[in-house]
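Here's the structure we're looking at; comments come further down.
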Amino acid sequence: MPVTLNVNGVDHALDIAPDTPLLWAIRDHIELTGTKFGCGMALCGACTVHVDGAPVRSCVTPVSAMAGKRITTIEGIETKEARALQAAWTRHGVPQCGYCQSGQIMSAAALLAANPEPGDDDINQAMSGNICRCATYVRVRAAIKSAAANLA
Amino acid sequence: MVAARSVHSTSRRDFLKVVGMAGAGITLAVALPAVAKAANAGATPAAKAAKSFSPNAFIRINPDNSVAVVMKHLEMGQGAYTGLATLVAEELDADWSQLVAESAPADASLYNNLLMGPTQGTGGSTAIANSWEQMRRAGAAAKFMLVAAAASQWDVPVSEIVARKGVLTHERSGRRATYGEMSTLASEQEVPDPQSLELKDAKDFVYIGRPLPRKDTGKNDGTAIFTQDIKLDGMLTAVVLHAPRFGGKVKSVKDRRARDQAGVVDVLQIPSGVAVLATDFWSAKKGRDLLEVEWDETGAFKRSSADIIEEYRALALKPGLAARNDGDANDALTRAARVIEATYEFPFLAHATMEPMNCVVQVNGQSCEIWNGAQLQTGDQAMVASVLGIAQEQVRINTLYAGGSFGRRANPHSDYVAEAAHIAKAKKGTPVKLVWTREDDTRAGYFRPMYVHRIRAALDEAGNPLAWEQRIVGQSILAGTPFEQFAVQNGIDASSVEGASTLPYRIPNLRVELHTVDLGVPVQWWRSVGHTHTAYSTETFVDELAHAAGRDPVEFRMALLKEHPRHQGVLRLAAEKANWGTELPRGRTRGVAVHESFNSFVAQVAEVSLDEKGGFRVERVVCAVDCGIAVNPDVIAAQMESGIGFGLSPLLMSEITLDEGRVVQSNFHDYPVLRIEQMPEIEVHIVPSTEPPTGVGEPGTPPIAPAVANALFAATGKPFHRLPLKLAEISAGQNPLHKS
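If you read the protein sequences in the order shown, they are chains A and B.
FYI, in this note's numbering the residues of the first sequence are 16 to 167.
FYI, in this note's numbering the residues of the second sequence are 651 to 1390.
Here it is in structure tokens:
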């Protein structure tokens, strides 16, 4: 079934089943691999993308629900919040294995866009859905605060 | 995985020493093999060849002035790439910015782990320890040849050339050349004997000891490539239906509906189950959901966790094989006026890496190419060669970043790699990507084994431990693996008892026994291996003894560690930095633990708050580590943070249970792991040292669970002998801090 997905500003016409999760459309059909598969049940956040600016777990979002939506992945995010976060991620040496970090940055970018001065509770709430098995959480928190400070 | 302690040699006898934990200091005979004969296609970028300078198998200096450091170790998050590059840069006197990490091909003749004998592999927190001299000599050899080239080109004495930050200069004549500019001529110089090169004094280090930024880049913008991200022309994705119980076999398959699924290309029966191959993951998974498989469970494992624990508890009452025997613990305990005892229970644990297991394999005639976050390349080569009936050298491996491993990707049976090879064997010429779902990954076994420990101890009149008897019951990780002949001695798998048989406290009568149980559940090393359970039982029980003696837990330990200055050093530092002994605000409590693993020493003080509803939160951890010379203090701090976060999950929430052989858990809803709001603040202090560097990937994990449990014990008077802790166990009624 033909589906059109607007990813990072580009329309992609795909002939895939409507129940295909957005994650697999992005990874296998559009061939952008920065968005990761971790759990398939919206439990770990590795697959986080933005849909019309809001963080969404792409692993449980069927492509059929994406008509007319603007989808942004780690490859396409160019907001000032994302840029500040990526710089802070490097400064703080956040990534270890790195597999979850695209999702962490997408969640954090949505947080900062909505709340330029997040406190610890705000960070907990926004980032709780993003598991990091390397437990880089101390640095994730520090880097979000540091990015927020740099944007202020 | 295996702990490394001893002398390198490629002989099996010495490898035995390594895994058998004999010997003391680390001395490595360093050879610097020449470059790999043939470039390993996928693993090495094309831009090189012509005028690059490769003084040895670890370094390639390119005319564009970039320096490729060929990484013999997997980067799975622990910072190996950064550490190895630091060692090379130090002696090469390169500029940090010119170094680029490149993954080595699988070739144990060039890239073996010097602490694993003739095996290429990463684990046991050995990456820096085994490379410490080798990588520095590799850098020194390259610099020697660059300097010789400059001296010859400029016709000046070698002694007048200065090499600094990737630039050669001759002050008197004002000559100057970058390493890249000198690379062609350098490659014509004589290769020096690496042992003849003088290495820098620690006081002259410019990179070692500094928090240099990491070399495993591309992880902030989605460009880093993991196995999951590999896409090759014509590649198929395979999803496998495994037996619901370990040891189950396929009896019959009805696959018509699966084959009718759009995108599905083939359905194959393989030894580990039924594989569905499709043009993409989602089609393969939908195809798998349509399979109808009948299983032959004649040989399947059908027991439950509760029943296994009962068996283990019963065994713990009986004598086992002695792993250590000082004095006569049994006699001392028989005579003692008062014996304190505890029985501990530890469940199975899954590694639960963020990237579920996966592997890309392409079989072509008599050769095979693999793309994988390979942790034990030599083992994987041997296994795949045997699956395919080809020569081991014909198995080429492109080692990619691993999205976490914690030991899992160093499977001694190459389980998921072999599975991918079986599928690719049936689809010769076609690249196949095996993808496990989270559920597959959680249920595939190779767990940290279940254990029961029973400890009995007695104090003398002065309140010092007189006797300690510890029995450990559980499966052997190494039995039945290629490591068995080296690591299992007289029936004792060293990895089952490490941390207990090596108890550092001065106790005149000390006996540690092991019951090894044969169970049909696949088990494997899990970040810090035996220390995952021995640190918990020993360090919480020591607190119980201190309590019984009416002594402070830090003072009690210090008095028993007089012959172990490095234990004392980290314990003293952690206690001091945590203001041990000072009053805490109401509702707060502290606990401490100290433990040696992988030749590194770590002490942690955990500060825990108890809330009125009976819950608790780990608020802050002060960690002191002695890992010898601190190659990169920021990576060390990151590994302590990571080890602590990793060790909190099995303390607080994670466990795998079996119900009549079926793994009950499947995904992060029923196998919860630590999330950001549960992460404590962490402060890391590194003990200054001139000892050779030792590991940091694992040693941060063992002390955290006992430190937190000891904090709860201090507050509640209740010891915790079963993991994971259940929040409900610390009910408000038992929390004296909130009794008004």
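Note that beta-carbon positions come from the ideal geometry of N, C-alpha and C, so glycine has one too.
So is residue i buried or exposed if we call it buried at 16+ other beta carbons inside 10 Å?
i	result
B/Gly1231	exposed
A/His65	buried
B/His892	buried
B/Val856	exposed
B/Asp866	buried
B/Ala928	buried
B/Asn1229	exposed
B/Gln1174	buried
A/Val25	exposed
A/Gly83	exposed
B/Val1323	buried
B/Arg985	exposed
B/Val1014	According to the sequence displayed, residue 1014 of chain B carries Asn and not Val. With fewer than 16 Cβ atoms within 10 Å of its Cβ, B/Asn1014 is classed as exposed.
A/Pro131	exposed
A/Gly113	buried
B/Met1007	buried
B/Ser747	exposed
B/Glu821	exposed
B/Arg786	buried
Per DSSP, what kind of secondary structure is residue i in: helix, strand or coil?
i	result
A/Pro77	strand
A/Leu126	helix
B/Gln919	strand
B/Arg1312	strand
B/Gly1056	It is Phe, not Gly, that sits at residue 1056 of chain B in the sequence shown. Here B/Phe1056 sits in coil by DSSP.
A/Pro36	strand
B/Val1323	coil
B/Val1167	coil
B/Ile1294	helix
B/Ile875	coil
B/Gly675	Caution applies to B/Gly675, whose pLDDT of 31 falls short of 50 and renders its modelled position unreliable; the value that the coordinates give is listed next. Residue state, collapsed to three classes: coil.
B/Asp1202	coil
B/Val841	coil
B/Tyr1392	This structure cannot speak to residue 1392 of chain B, because chain B is shown only from 651 to 1390.
A/His27	strand
B/Ser702	coil
Please determine, among the options, the residue with the shortest C-alpha to C-alpha distance to residue i.
i	options	result
B/Thr873	A/Leu127, A/Glu46, A/Gly68 and A/Val18	A/Glu46
A/Thr50	A/Pro133, A/Asn139 and A/Gln119	A/Gln119
A/Ala69	A/Ala61, A/Arg85 and A/Ala57	A/Arg85
B/Ala1097	B/Leu749, B/Val926, B/Asn1061 and B/Leu734	The sequence as given places Phe at residue 1097 of chain B; Ala does not occur at that position. If we check each option's Cα against that of B/Phe1097, B/Asn1061 comes out closest.
B/Leu983	B/Thr1340, B/Ser823, B/Ala1355 and B/Gln1120	B/Gln1120
B/Gln1218	B/Thr1239, B/Ser1250 and B/Gly1200	B/Ser1250
B/Ala1002	A/Ala157, A/Ile146 and A/Lys160	A/Ile146
B/Leu1153	B/Ile1105, B/Ser833, B/Gly1265 and B/Phe1363	B/Ile1105
B/Glu1005	A/Gly53, A/Asp34, A/Gln140 and A/Pro17	A/Gly53
B/Ile711	B/Thr834, B/Val1268, B/Leu1221 and B/Phe1296	B/Thr834
B/Val1204	B/Pro1356, B/Ala1225, B/Ser759 and B/Gln803	B/Ala1225
Tell me, please, whether the CB atom of residue i is closer than 8 Å to any CB atom in chain B?
i	result
A/Glu46	yes
A/Ile86	no
A/Asp137	no
A/Gly66	In the sequence on display, residue 66 of chain A carries Val and not Gly. Taking Cβ atoms only, chain B never reaches closer than 8 Å to A/Val66, which makes this a no.
A/Pro110	yes
A/Glu90	yes
A/Met81	no
A/Ser143	yes
Within the 8 Å Cβ cut-off, does residue i reach chain A?
i	result
B/Gly1054	yes
B/Ser1292	yes
B/Tyr1051	yes
B/Phe1318	yes
B/Val1323	yes
B/Phe1206	no
B/Ser656	In this prediction, B/Ser656 scores a pLDDT of 33, lower than 50, which makes its location untrustworthy; the coordinate-derived value is nonetheless stated afterwards. No, because no Cβ of chain A sits closer than 8 Å to the Cβ of B/Ser656.
B/Arg864	yes
So which residues on chain E does residue i lean against when the C-beta distance must stay under 9 Å?
i	result
B/Ile1332	The structure shown contains no chain E; its protein chains are A and B.
- Task: Any chance you could list the alpha helix (DSSP H) runs of at least 4 consecutive residues sitting entirely within the segment 1106-1149 of chain B, in chain order?
- Result: Segments of the alpha helix (DSSP H) lying fully in the segment 1106-1149 of chain B: 1134-1137 and 1144-1147.
- Query: For the segment 740-811 of chain B, which segments carrying the beta strand (DSSP E) assignment without a break, of at least 3 residues, lie completely within its bounds, in sequence order?
  - Reply: Within the segment 740-811 of chain B, the complete beta strand (DSSP E) runs of at least 3 residues are 749-753.
- Which runs of the alpha helix (DSSP H), 4 residues or longer, sit entirely within the segment 46-97 of chain A? Counting whole runs of 4 or more residues, the segment 46-97 of chain A contains no alpha helix (DSSP H) stretch at all.
- Task: Starting from the N-terminal side, write out each stretch of the beta strand (DSSP E) that is 3 residues or longer and does not extend beyond the segment 1006-1078 of chain B.
- Result: If we require 3 residues or more, the beta strand (DSSP E) runs fully inside the segment 1006-1078 of chain B come out as 1008-1014, 1017-1022 and 1045-1049.
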